[in-house]
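Structure record follows, encoded as structure tokens.
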Amino acid sequence: GIQVEQSPPDLILQEGANSTLRCNFSDSVNNLQWFHQNPWGQLINLFYIPSGTKQNGRLSATTVATERYSLLYISSSQTTDSGVYFCAVVRAAGNKLTFGGGTRVLVKP
Amino acid sequence: SAVISQKPSRDICQRGTSLTIQCQVDSQVTMMFWYRQQPGQSLTLIATANQGSEATYESGFVIDKFPISRPNLTFSTLTVSNMSPEDSSIYLCSTRETGPNTEAFFGQGTRLTVV
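Which chain is which? The protein sequence lines are D and L, in order. In this text, residue positions in the first sequence follow the working numbering: the first is 1, and each later residue adds one. In this text, residue positions in the second sequence follow the working numbering: the first is 1001, and each later residue adds one.
Structure, rendered in structure tokens:
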């Protein structure tokens, strides 16, 4: 099956700092999503981004499908950004969403 | 986008018992998926539930342990049977329309603790 690797596994930030999370995948994909899991376990859709660049407020994401990676940028981080960020992909010609291991982010006030 | 209502949101169960988790979608969807997230881990797909056919289980998951129903295009249940403490996890349902470029949506999750 497809491999999805996220880095770094853990990230500690001071409030107001910027950060970049990376997602590498081992095969061609036709779906890539970024999620934020809050402390209550709920998965929040951040971006559906199989290719290109999108921005939503302080968050933006870029996927370079030909090079098999995606980046999630968090700017001016806030304590509410704490949680686990997951990248998930669907392999081309597949229908299953495969998750990376996640990046655990802690934003300190 | 699909809105998924999942319940219960959390439960504490005795070992040896079973728990049924329900997911209701606000629109008709072809594919529904069930995931397990063990403590501190990522999400792992349990099975794909399609209306009108048997669920398709991933390696390591069996129907006797995780029976799934999909009676119509807006509803599905997952039962965790004969529970042990190792079944303590978050269980999540998800939907995604068929086709190569469609976004997945998740229910709120069920946090299960087996004692």
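For every residue, glycine included, the Cβ atom is placed at its ideal position computed from N, Cα and C. Here the structure is a predicted model, which is why all the values come from computation and not from measurement.
Proximal residues of chain L, C-beta to C-beta of residue i below 9 Å
i	result
D/G101	Q1041 and S1042
Chain-ordered neighbours of residue i on chain D, where CB pairs are closer than 8 Å
i	result
L/T1102	N31
Straight-line Cα distance separating residue j from residue i
i	j	result
L/L1092	D/R68	27 Å
D/N56	L/Q1014	43 Å
D/F73	D/S19	The question names Phe, but residue 73 of chain D in the sequence shown is Tyr. The alpha-carbon atoms of D/Y73 and D/S19 are separated by roughly 6 Å.
D/I12	D/G83	11 Å
D/P109	L/T1017	43 Å
D/S28	D/Q37	25 Å
D/G16	D/L106	12 Å
Residue i burial status per 10 Å Cβ neighbour count (16 or more: buried)
i	result
D/A93	exposed
D/D10	exposed
L/Q1038	exposed
L/I1021	buried
L/S1053	exposed
Residue i: contacting residues in chain D (beta-carbon distance under 7 Å)
i	result
L/L1073	In chain order: nothing, as chain D lies at least about 16 Å away.
L/F1105	N45
Closer than 7 Å at the beta carbon, the chain L residues around residue i
i	result
D/K108	Those within 7 Å of D/K108 in chain L number zero; the least Cβ separation is about 21 Å.
D/P50	N1101
Within chain D, the residues that residue i reaches when beta carbons sit closer than 9 Å
i	result
L/Q1108	W40, G41, Q42 and L43
Contacts around residue i, its chain only, beta-carbon distance under 7 Å, and the 5 residues preceding and following it disregarded
i	result
L/A1047	W1034, A1055, T1056, Y1057, E1058, F1061, F1066 and I1068
L/S1084	R1015 and V1114
D/N24	E5, R68 and Y69
L/Q1051	R1070, N1072 and L1073
D/G1	T98
Sequence-distant residues of the same chain with beta carbon closer than 6 Å to residue i, five excluded per side
i	result
L/Q1024	S1005 and F1075
L/A1049	M1032, A1055, I1068, R1070 and S1076
D/A65	S51
L/R1111	R1010 and I1090
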